[in-house]
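Trainee: Residues in the sequence shown are numbered from 0 upward in steps of one, following numbering that gives the first Met the number 0. Each residue gets a CB set at the ideal place from its N, CA and C atoms; glycine is no exception. The structure follows.
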Amino acid sequence: MALWPSALPDNIQELIAFMSPFCLRLDKNGQIVRFAYNNHVRDSVVLNSTPEETVQLYEAYLTLGKMLREPANQIEHKMVPGDMITFNNSRVLHGRSAFTVQGGQSRFLRGIYLDWDIMYSRMRVLAKKLNIPLSY
């Protein structure tokens, strides 16, 4: 079912499926090594699933959501002006809670993304120049 059927091409499943290659990645032993918990990844999985698989997907999604929201599975930190946080976007499940801007205050949040190919290239060049072994 599409919200705007007249605006979507007939091959919409093909167009969407390539954008989100995985929702859950398993290793050769069937152990979870990575999962994505967001709507963008979920779309193509649902479009390419049978009705039975879709029901199972949403049941598992709801179970995972409940587990992630348990206080024992969360770390909460209230940032203050001047704080900066960095993390690998594909290794840390992250989010933010609601907030209300008080009085004349404002909120400023900037997201910056690094290209790991460039970072690894620079690390290799510097390691060679400084004669330092790389550990990755």
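Out of Gln-101, Ser-96, Met-83 and Glu-52, state which residue places its alpha-carbon closest to the alpha-carbon of Glu-75.
Mentor: For Glu-75, the nearest C-alpha among the options comes from Ser-96.
Trainee: If you follow the alpha helix (DSSP H) that Arg-123 is part of, which residue opens it and which one closes it?
Mentor: 115-129 is the span of the alpha helix (DSSP H), which, as asked, contains Arg-123.
Trainee: Beta-carbon within less than 6 Å of His-93's beta-carbon, same chain only, minus the 5 sequence neighbours each way: which residues are those?
Mentor: So the list is empty, once near-sequence residues are dropped.
Trainee: Going by CA-CA distance only, name the one from Ser-134, Arg-109, Val-54 and Glu-69 that's closest to Asp-82.
Mentor: The option with the nearest alpha carbon to Asp-82 is Arg-109.
Trainee: Can you tell me whether DSSP reads Val-54 as helix, strand or coil?
Mentor: Looking at Val-54 - three-state DSSP - the assignment turns out to be helix.
Trainee: Using DSSP's beta-bridge definition, name the partner residues of Arg-33.
Mentor: Answer by DSSP bridge pairing, in chain order: Arg-24.
Trainee: Measure the alpha-carbon distance for Ile-78 versus Glu-51 and round it to whole angstroms.
Mentor: Ile is not the amino acid found at residue 78; the sequence shown has Met there. Rounded to the nearest angstrom, the two C-alpha atoms are 43 Å apart.
Trainee: Determine the contact status of Met-122 and Leu-133, defining contact as a CB-CB distance below 8 Å.
Mentor: Yes. Within cutoff.
Trainee: CA-CA distance, Ser-105 and Leu-67?
Mentor: Rounded to whole angstroms, Ser-105 to Leu-67 spans 30 Å at the Cα level.
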